[in-house]
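Working notes for the structure below.
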Amino acid sequence: MVYMLLGTGFEETEAIAPLDLLRRAGVEVLTVGINGKAVSGSHKIVVEADITIGQMDLTNMEMIIIPGGLGGVASLRSSKEALEALKFGWDNGKFVAAICAGPTVLADLGITDGLRATCYPGQEKNMGTALMQENAAVVTDGRLITGTSAGCAISFGLALVEALKGKEAAETVRKQIVIR
């Protein structure tokens, strides 16, 4: 199971594009509302989450994902359950992924320490001891997958597919959506 954490003010493109690509690849993904099922994004697009944070079953998690958006990131930081889920995933050998400002939450938890990562330009100062990869759209370092911004959401989503289903599955999805 893949869980995508949605806090109020999440960046819609960074959530919906990877979600769509994962589901196209046959990955079971549940969106998780931090503050309830109806979650308003940073551009006032309301998404109904599949479950709320209290309904997550961490024992069957393969990956946990954080979209960016400063509001969404602030919502995650204020949720003890969300932070515990991220730490649980990392400590138990699961993939942990974040895009835009999302990687800064992982840095707060020490997850990015000493690993290659990227984040939204200007947020590098909030990335602790991560080995920042400037000008990278997406960086995968073992179980850590980070993306730069909404403009990189497709590349980020394809990296998530590749991590879970392999290069061939990612290439199949890439061809379906006709990237040029």
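104 is the number of the first residue of the sequence shown in the numbering used here; add one for each residue after it.
No residue lacks a Cβ here, since even glycine has one placed at the ideal position from N, Cα and C.
Query	Result
For residue 184, three-class secondary structure by DSSP	helix
Local conformation of residue 281 per DSSP, three classes	coil
Beta-bridge pairing of residue 220 - partner residues as DSSP gives them	235
Any 3 or more C-beta pairs closer than 8 Å across the segment 153-160 and the segment 122-131	no
Three-state secondary structure (DSSP) of residue 145	coil
Alpha carbon of residue 299 to alpha carbon of residue 218, nearest angstrom	Because the chain here runs from 104 to 283, residue 299 falls outside it and cannot be looked at.
For residue 112, the nearest candidate out of 249, 193, 208, 171 (CA to CA)	171
Nearest residue (CA-CA) to residue 241, options 278, 177, 192, 202	202
Alpha helix (DSSP H) runs wholly inside the segment 251-276, at least 4 long, in chain order	256-268
Candidates 257, 149, 274, 105: closest to residue 117 by CA position	257
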